[in-house]
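Here the structure is laid out as structure tokens; the discussion comes afterwards.
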């Protein structure tokens, strides 16, 4: 035989149990939260999309394009996207086998000409010295012969015609000797002038090549942040080829696109907030009159176009360097009031 408590006692025990009562209420609260949360989210989304005015945009900076000064190979690449570079830094180290070969060839020509100059000068000078010695000796002989003829004429052993002939021979010998002297002097001057002009031209070419080789290494003259790098170590590049794109820190601005329905809320001088993806905010102002533009809607398979308002925003607060990168996405918050 089982003992059964009175029914009124069971009711009293149930009413006196707070745990069961609280669990029941909590379950109801959870059901209400689950049901209401999506409605609250949808309501907030509808409200925020219609109340808060946001324009999608991107940072626009002044571009600094690095180009190759000469044909050559990238020996070393010292920059990478997103890095900060300072004024005077060597961003690319380059080498040019062609320029090095040309410089070696010119150095060889200079050495060869100097050696040839000394060799030819010595040989030619030796021949002229020999010619000079012969002419001088011939003059000496004819001077003695003429002096002897003068003595013979005084003793009437020879006539005046023979003396004149002897004098003419001496004169011719002296003329030849004089010509040899002039030839020797002219050769020395011409030799110096010819070789000097050739050496001047080669040294000029050498200086130009050395400057080209020196200018192969590229250094920048500004502070900037690396946006893109187009070449890699070991790659051959041509003169004028684009190597890298940098963004300068000076005067960045924002180009943003606003839905046309909000055009009445913006004008030149409207104060806005610039918001980056990490949540950082900076104050700005609409710098110019908004204009309309058509944009392709990439989400549509029919390539439809939608009308947008283009606004140019100028920061009124200094934006840190890490944000001054071209095409960094931002959002522009426009107040309704």
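Numbering (our numbering), first residue to last: -2 to 334.
Each residue gets a CB set at the ideal place from its N, CA and C atoms; glycine is no exception.
1. Just verifying my parser: in three-state terms, what is the DSSP assignment at residue 227?
2. Between the alpha carbons of residue 94 and residue 202, how many angstroms are there, rounded?
3. Can you list, in chain order, the residues of its chain with a C-beta nearer than 6 angstroms to that of residue 204? Leave out the 5 residues immediately preceding and following it.
4. Please say whether residue 310 and residue 217 have beta carbons closer to each other than 8 angstroms?
5. With a threshold of 7 angstroms on Cβ separation, who are the neighbours of residue 224 within its own chain once the five nearest residues in sequence on each side are excluded?
6. Measure the C-alpha to C-alpha separation of residue 138 and residue 153 and round it to an integer number of angstroms.
7. Just to confirm the assignment, what range does the beta strand (DSSP E) spanning residue 244 have?
8. Is residue 272 closer than 8 angstroms to residue 328 when the C-beta atoms are compared?
9. If you count every other CB in all the chains shown that lies within 10 Å of the CB of residue 85, and 16 or more means buried, which is it?
10. Do residue 99 and residue 206 come within 8 angstroms of each other at the CB atom, strictly closer than that value?
11. Starting from residue 256, trace the beta strand (DSSP E) both ways and give me its first and last residue.
12. What first and last residue would you give for the beta strand (DSSP E) that runs through residue 88?
13. Taking a contact to mean a Cβ-Cβ separation below 8 angstroms, would you say residue 312 touches residue 249 in this structure?
14. Just the C-alpha distance for residue 140 and residue 146, rounded to the nearest angstrom, thanks.
15. From 76, 168, 56, pick the residue whose C-alpha is nearest to that of residue 90; which is it?
16. Can you tell me which residues form a DSSP beta bridge with residue 69?
17. In three-state DSSP terms, what is residue 287?
18. If you draw a straight line from the C-alpha of residue 236 to the C-alpha of residue 49, how long is it?
19. At a cut of 8 angstroms, does the region 256 to 271 reach the region 282 to 291 through at least three beta carbon pairs?
20. Run through DSSP, which three-state label would residue 316 get?
21. Between the C-alpha atoms of residue 81 and residue 25, what's the straight-line distance to the nearest angstrom?
22. With 16 as the cutoff for other CB atoms within 10 Å, does residue 30 come out buried or exposed?
23. Suppose contacts are defined by Cβ-Cβ distances below 8 angstroms. Is residue 63 in contact with residue 240 by that definition?
24. Taking 7 angstroms as the limit between beta carbons, can you name the residues of its chain near residue 65, skipping five residues before and five after?
25. Under the rule that 16 or more other beta-carbon atoms within 10 Å means buried, what is residue 287, buried or exposed?
26. Taking all protein chains shown into account, decide if residue 213 is buried (16 or more other Cβ within 10 angstroms of its Cβ) or exposed.
27. Using the three-state DSSP reduction, which class does residue 330 fall into: helix, strand or coil?
28. CB-CB under 8 angstroms to residue 363, same chain, minus the five flanking residues each way: which ones, in chain order?
29. Please state the DSSP three-state secondary structure of residue 62.
30. Given that a residue counts as buried once 16 or more other Cβ atoms are within 10 Å of its Cβ, and exposed if not, what is residue 421?
31. Should residue 255 be labelled buried (16 or more other beta-carbon atoms within 10 Å of its own) or exposed?
32. Suppose the cutoff is 6 angstroms on Cβ atoms and the five residues either side in sequence are ignored; what does the same chain contact list for residue 70 look like?
With the structure as the only source:
1. coil
2. 17 angstroms
3. none
4. no
5. 78, 242, 243, 244, 322, 323
6. Per the coordinates, the alpha-carbon of residue 138 lies some 23 angstroms from the alpha-carbon of residue 153.
7. Here the beta strand (DSSP E) through residue 244 covers 239 to 245.
8. yes
9. exposed
10. yes
11. 250 to 256
12. Note, residue 88: beta strand (DSSP E), 87 to 92.
13. yes
14. 10 angstroms
15. 76
16. 234
17. coil
18. 51 angstroms
19. yes
20. coil
21. 57 angstroms
22. exposed
23. yes
24. 234, 235, 236, 237, 238, 240
25. buried
26. Answer is buried; the Cβ neighbour count reaches 16.
27. In the structure shown, residue 330 falls within a strand segment according to DSSP collapsed to helix, strand and coil.
28. This structure gives no information on residue 363, because the portion of the chain shown stretches from -2 to 334.
29. DSSP places residue 62 in strand when its eight states are reduced to three.
30. No answer is possible for residue 421: it lies beyond the span of the chain, which begins at -2 and ends at 334.
31. buried
32. 92, 233
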